[in-house]
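Participant: In order, the protein sequence lines correspond to chains A and B.
Under the working numbering, the first residue of the first sequence carries the number 321, and numbering increases by one thereafter.
Under the working numbering, the first residue of the second sequence carries the number 4, and numbering increases by one thereafter.
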Amino acid sequence: MQALLKHSKKFFLFAFLPMAIFIAVLVVPFSQGVFLTFTNWDGFEWNKFVAFENYAKSFQDPTFWTTLNFTGTFVIVSLVLINVVAFGLALLVTAKLRSSNIFRTFFFIPNLIGGVVLGVIWQFIFNSAIPSLANTFDIPMFQESWLNTPGNAFWALIIVTVWQQSGYMMIIYITGLISIEQDVLEAARIDGASALRTLISVKMPLMAQAFTISLFLTLRGGFMAYDVNLALTGGGPYRSTELISMHIFQDAFALGNFGTGQSKAVIMFLMVAIAALVQVTISKRLEVQR
Amino acid sequence: MSTTTRHKKRSPARMVTFAVGLVLSVAYVMPFFLVFVNSLKPKFEILANPLAFPIQISWDNFNQALDKMNFFVSLSNSLIVTVISVSALILISSMLAFYLSRTPNKFTKAVFLILVASMIVPFQALMIPFVGLFAPLVEGRNIPMLIFFYMGFGTALSTFLYHGFISNIPKELDEAAAIDGASDFVIFWRIIFPMLRPITATVAIINALWIWNDYLLPRLVLDENSQTLPLSTYLFYGQYSTEYGQAMAGLLLAVLPIIIFYLVLQRQFISGISQGAVK
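1) Should Gly542(A) go down as buried or exposed, given a rule of 16 or more other Cβ atoms within 10 Å for buried?
2) Can the beta-carbon of Gln242(B) be found less than 7 Å from the beta-carbon of Gln67(B)?
3) For Thr203(B) and Leu337(A), what's the separation of their Cα atoms in angstroms?
4) How would you call Thr6(B), buried or exposed, if buried means at least 16 neighbouring beta carbons within 10 angstroms?
5) Do we get a CB-CB distance below 7 Å when we pair His10(B) with the residues of chain A?
6) Below 6 Å CB to CB, which residues in the same chain sit around Gly435(A) once its five sequence neighbours on both sides are set aside?
7) If you draw a straight line from the C-alpha of Thr111(B) to the C-alpha of Pro147(B), how long is it?
8) Chain B partners of Ile492(A), CB-CB under 8 Å?
9) For Ser603(A) and Gly408(A), what's the separation of their Cα atoms in angstroms?
10) Suppose the cutoff is 7 Å on Cβ atoms and the five residues either side in sequence are ignored; what does the same chain contact list for Met566(A) look like?
11) May I have a chain-ordered list of the alpha helix (DSSP H) segments no shorter than 4 residues that lie completely inside the segment 365-431 of chain A?
12) Since Pro34(B) is in the alpha helix (DSSP H), which residue starts that stretch and which ends it?
13) Is Ser186(B) close to chain A? Criterion is C-beta to C-beta, closer than 7 Å.
14) Could you tell me the distance, in whole angstroms, from the CA atom of Val124(B) to the CA atom of Gly135(B)?
15) Quick one: which chain B residues come within Cβ less than 8 Å of Asp362(A)?
16) What's the call for His10(B), buried or exposed, on a 16-neighbour Cβ count within 10 Å?
17) Using a C-beta to C-beta distance shorter than 8 Å, which residues of chain A count as neighbours of Ser28(B)?
18) How about Gly279(B) and Ile209(B): are their beta carbons less than 7 Å apart?
19) Taking the alpha-carbon positions, what's the Ile492(A) to Ile433(A) distance?
20) Taking CB distances under 7 Å as the criterion, tell me whether Val32(B) reaches chain A.
21) Starting from Asp547(A), find everything on chain B with Cβ-Cβ shorter than 7 Å and list it in chain order.
22) What does Met346(B) touch in chain A if you count any residue whose Cβ is under 8 Å from its own?
23) Could you tell me whether the segment 521-533 of chain A touches the segment 494-508 of chain A, where touching means 3 or more Cβ pairs closer than 8 Å?
24) Sort Arg540(A), Ser419(A), Val395(A), Tyr488(A) by Cα distance to Ile273(B) and report the nearest one.
25) For the segment 69-113 of chain B, list the alpha helix (DSSP H) runs that are entirely contained and at least 4 residues long, ordered along the chain.
26) In chain order, what residues of the same chain have a beta carbon less than 6 Å from the beta carbon of Leu116(B), not counting five sequence neighbours either side?
27) Using a Cβ cut-off of 8 Å, pull out every chain A residue sitting near Phe133(B), in sequence order please.
28) Does DSSP put Thr561(A) in a helix, a strand or coil?
29) When DSSP labels each residue in this structure, what does Gln322(A) get in the three-state scheme?
30) Return yes when the Cβ of Val345(A) is within less than 7 Å of the Cβ of Phe264(B), no when it is not.
31) State the Cα-Cα distance for the pair Asp63(B) and Leu43(B), rounded to the nearest angstrom.
32) Excluding the 5 residues flanking Lys377(A) on each side, which residues of the same chain have their C-beta closer than 6 Å to its C-beta?
33) Does the contact criterion of 3 or more C-beta pairs under 8 Å hold for the segment 65-82 of chain B versus the segment 168-185 of chain B?
34) For a cutoff of 7 Å on Cβ pairs, would you count Val224(B) as touching chain A?
35) For chain B, find out if any of its Cβ atoms is closer than 7 Å to the Cβ of Thr495(A); answer yes or no.
36) Comparing the C-beta of Val436(A) with each C-beta of chain B, is any distance below 7 Å?
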């Protein structure tokens with residue numbers, strides 16, 4: 321009895337407040353959100369259950385399919401490019417140049433600034449700076465703003481996202497690279513392994529955890545991207561660059577479809593959860609196999 | 004490290020690496036430089052050539068931008084929100100992590116799992132019920148409410164980071180103190196919390212970067228009179244985007260505080276993030 325009392329005292333002293341806030345801000349709205357998708361909720365009230373009607377309606381919406389397609393492509397392309405660039409930067413910065421620290425400082429700067437501000441900065445670059453440069457040197461490909469055509473707008477979005485996030489992932493890869501013990505590398509050198517061989521067969525397997533984390537963060541980031549999307553393309557031209565976050569926001573708040581908007585948000589949650597679970601499972605298996 | 008570097012020869016491979024690094028550094032910083040250059044020019048010069056240096060440097064755009072985007076008000080709003088939210092998160096999540104890691108049972112394990120799982124819940128899945136659920140409370144559209152929300156959203160990751168760190172602190176330490184008659188409260192604040200400094204730095208930096216730059220949540224919670232910096236910048240840019248010079252000055256003002264902060268505390272930033280990555 322006394323132990324129980326002591327225990328509950330400790331609970332109230334340390335855990336009650338944070339858990340109450342966490343439940344109020346995350347657990348309750350999330351459960352309520354899932355619950356409401358099965359009702360005829362219109363943003364204010366509901367009076368009957370509609371089973372899976374909202375989900376059926378979501379999947380019948382052709383613009384939702386466009387968005388899913390676009391989001392899928394965006395997640396895969398941005399994930400690959402961010403990680404390739406970030407790993408390259410990490411190798412460059414750990415190459416023991418005298419200027420390494422300055423390079424590292426510069427590569428990380430875009431990460432300090434929010435996507436909305438970065439988005440409008442790049443809007444200026446794509447709309448004014450690049451076309452002006454292209455006109456001076458007469459390069460037709462860049463004369464019209466990339467933000468005006470759907471295909472190019474996609475790549476504009478990718479360029480800004482990679483530029484923004486590669487610095488952060490670089491830090492994770494640097495942490496992985498410098499955690500490798502010096503004598504392992506020494507042994508590889510004595511055995512006559514080339515730099516590339518050492519990189520692929522020794523360094524990369526020994527820093528597998530860094531890949532797991534960075535891939536997880538970029539995967540999640542790709543699905544949840546909103547700020548850069550909003551400020552750079554605004555979903556345009558003609559709603560062709562609308563990622564799922566923006567699509568949900570538009571559906572619920574601009575068009576007033578709270579039922580399908582919330583259903584799409586639950587679908588998004590399931591996609592992130594499944595993708596993250598698959599990725600982490602595969603990565604963990606690879607980590608162990610080394 | 005600098006001594007070993009100095010002894011190394013200037014091999015062609017190193018020269019190439021340096022050249023690549025230099026080109027990439029320029030590419031990473033160029034957008035900010037362009038914003039800076041153009042913020043010093045009048046509109047017609049920007050339209051004529053956005054890449055040229057200003058003919059005559061003028062700070063006029065800054066005066067206009069400072070005034071129109073209500074810079075100092077939104078800067079102090081951002082500071083208030085970030086500082087209070089981050090401090091509160093440090094307090095509550097370090098205590099929760101201490102409880103969860105020092106009281107191993109089914110309940111605490113379940114709580115920890117739920118916290119970890121919640122990290123993949125996208126904000127979009129909460130956003131819509133949020134507006135309905137908290138509508139009566141958000142009536143005032145105020146900063147305290149925003150801080151409360153950040154405390155909720157930040158708890159999971161911060162607790163997770165603290166939990167990993169506290170689990171590595173030997174339990175004998177608390178037990179010895181308990182035998183000496185110290186209460187749990189004293190044990191935590193006098194013995195454990197001071198040892199958490201490295202991970203507290205990580206928690207502070209990761210949360211501060213996120214909260215300082217967040218756009219969507221403040222947009223849903225705050226009104227025009229209590230904007231944070233990202234909100235007022237975006238609003239200002241939307242209204243004055245044809246006044247290129249002023250828009251550029253506004254953008255520069257928006258990025259300047261955090262860049263200065265970073266350049267001063269660079270080492271803490273980098274080591275904070277790499278600490279967070281290992282856990």
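Using N, Cα and C, we set each Cβ at its ideal position, and we do this for glycine too.
Note that the structure is predicted; figures quoted are calculated from it, not measured.
Facilitator: Working from what's here:
1) buried
2) no
3) 19 Å
4) Note that Thr6(B) scores a pLDDT of 42, beneath 50, so its modelled location is shaky; the value from the coordinates is reported in the next line. Counting Cβ neighbours within 10 Å, Thr6(B) comes out exposed, since fewer than 16 surround it.
5) Confidence at His10(B) is low in this model, with a pLDDT of 46, below 50, so the placement of that residue should be treated as unreliable; the coordinate-derived value is given next. No - not a single Cβ of chain A is within 7 Å of the one on His10(B).
6) Asp547, Val548
7) 29 Å
8) Ile276, Ser277, Ala280
9) 20 Å
10) Tyr546, Asn549, Leu550, Gly555
11) 373-380, 382-413, 420-428
12) 15-42
13) no
14) 19 Å
15) The premise fails here: Asp362(A) is roughly 10 Å from chain B at the closest Cβ pair, so nothing lies under 8 Å.
16) Because the pLDDT of His10(B) is 46, which lies under 50, any placement of that residue in the model is unreliable, and the number read from its coordinates should be weighed accordingly. The residue in question, His10(B), is exposed, as its Cβ has fewer than 16 Cβ neighbours within 10 Å.
17) Ile422, Phe423, Phe426, Phe427
18) yes
19) 18 Å
20) yes
21) Tyr218
22) In the structure as shown, chain B begins at 4 and stops at 282. Residue 346(B) is therefore absent and cannot be evaluated.
23) yes
24) Tyr488(A)
25) 74-105
26) none
27) Pro349
28) coil
29) helix
30) no
31) 8 Å
32) Thr580
33) no
34) no
35) yes
36) yes
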